[in-house]
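Residue numbers (the UniProt record's numbering): 122 to 395. All C-beta atoms, glycine included, are put in the ideal place defined by N, C-alpha and C. Keep in mind that this is a model prediction, so the values were computed, not measured.
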Ligand code: ADP
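Structure below.
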């Protein structure tokens, strides 16, 4: 593409248009390939628990006179059914965050409330692994955006921190105001002492269905969609999500959002331009 860009600048108008057309076609092909991959991934991910449920129900029928086996199979059916439900819910969440402009329903959202909600969502799982959750940072901060989308994003980060950490560790969640491009920004960071993420995978974990360790992800009820949702929510709110990680030591995911005054103003002027 660099070579294309250079030759496009020096070429006469006619060939420049041809080059633009070629670039457009390449982009269209890329989008089509991503869409095809996504559909293939969704089908595979849905077929796995559905197939397991079908086999397990046959096993239950065959073991009708062995109550112990029936209980065992029923337990596994429950796990597969939960996996199927999680996947469908995350697919719905993902299509919602992709299709809707969250800022048409924006309101001031208290960061403290988002954090409590995320912590509550993971409390049971954290306590079963004896993981301590610590909330700190600057109190009383507000962001501007779509409440439930922001809650889903932060919830996913905290859930991952708990899922990918061993027992008896700490998950720390903190909010702060930091200087950034175009004014102040609000940062919400989630730090764990978990398995960490190899450097070669760090760019890819935000892709839909990408997992560093698929078996581990499935074992913890993961769908591979959580971080794709977080990335979309951050971007559509004019922010970003950053990751810092050290293998075997832990990770920090930071959700960075524009300060509410500037976010609201940017949204208003975007509306005026439309
Ligand atoms: P999943 O449902 O598999 O957790 P995500 O999209 O939320 O999917 O995350 C993608 C992958 O990134 C995970 O499968 C895991 O390998 C890795 N990952 C995410 N968060 C963490 C974390 N806090 N620590 C270590 N690995 C993580």
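Checklist entry - Exposed or buried, which one is residue 157 when buried takes at least 16 other CB atoms within 10 Å? => result exposed
Checklist entry - Distance, Cα to Cα, residue 261 vs residue 309? => result 13 Å
Checklist entry - Going along the chain, which unbroken runs of the beta strand (DSSP E) with 3 or more residues stay wholly within the segment 276–360? => result 291–301, 304–313
Checklist entry - Which residues bound the beta strand (DSSP E) around residue 266? => result 263–266
Checklist entry - Hey, is the segment 313–326 in contact with the segment 279–296, meaning 3+ C-beta pairs nearer than 8 Å? => result yes
Next on the checklist: Please return the same chain residues whose Cβ sits closer than 7 Å to the Cβ of residue 159, not counting the five positions on each side in sequence.
Outcome noted: 329
Next on the checklist: When you compare the CB positions of residue 263 and residue 211, do they come within less than 9 Å of one another, or not?
Outcome noted: no
Checklist entry - Under the DSSP definition of a beta bridge, which residues are partnered with residue 194? => result In DSSP, residue 194 forms no bridge with anything.
Item to check | residue 380 (DSSP reduced to helix, strand or coil) | outcome: coil
Item to check | Distance CB(residue 377)-CB(residue 360) smaller than 9 Å | outcome: yes
Next on the checklist: Closer than 8 Å to a non-hydrogen atom of ligand 1 - does that hold for the CB of residue 344?
Outcome noted: yes
Next on the checklist: With DSSP as the reference, identify every bridge partner of residue 362, one or two as the case may be.
Outcome noted: 376
Item to check | Touch test, the segment 195–209 against the segment 162–176, Cβ-Cβ under 8 Å, three pairs minimum | outcome: yes
Checklist entry - Secondary structure at residue 258, three-state DSSP: helix, strand or coil? => result strand
Checklist entry - Would DSSP call residue 368 helix, strand or coil? => result coil
Checklist entry - Going straight from the alpha carbon of residue 137 to that of residue 145, what length do you get? => result 12 Å
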